[in-house]
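Structure first, then comments.
In this note's numbering, the protein residues as written are 1 to 141.
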């Protein structure tokens, strides 16, 4: 079992959308962004945010994995590219995530693979997407 510290912090997001305009996202820690809705608009759409969450989590987890393996001093950088394929039929969903991890540093291929696979095991987002998280919805009055 991997031994690493988990520091708790506020999590969550609130999205507000008026009759016209773009969704505004605010995180529990004060982050903010506008979500774009047109294919030609620069910025994040909901799928970009999903892919970004997975990519960021895997990148952070790769650094954690390298550290827990005693390899952080040789770790220079990690770049994670995530895209995916949407289902052609309903319900609308992603049916495959395509992930490419490039780990830079003084590592052989076997060590890079070990870091990447450990990152996948550590990453909360990848574990959630592969799991069966329960959705609990309440309707505000």
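Where a beta carbon is used, it is the ideal one built from N, C-alpha and C, also for glycine.
Item: How should residue 126 be labelled, buried or exposed, when 16 other C-beta atoms within 10 angstroms of its C-beta is the threshold for buried?; Value: buried
Item: Our contact map puts residue 62 next to residue 116 with C-beta atoms below 8 Å; I'd like the distance itself, whole angstroms only.; Value: 7 Å
Item: Using a threshold of 8 Å, state whether the C-beta atoms of residue 58 and residue 123 are closer than that.; Value: yes
Item: For residue 119, count neighbouring C-beta atoms within 10 Å of its own C-beta (all shown protein chains included) and say buried if the count is 16 or more, exposed if not.; Value: buried
Item: Nearest-angstrom Cα distance between residue 80 and residue 54?; Value: 9 Å
Item: Under the DSSP definition of a beta bridge, which residues are partnered with residue 81?; Value: 100
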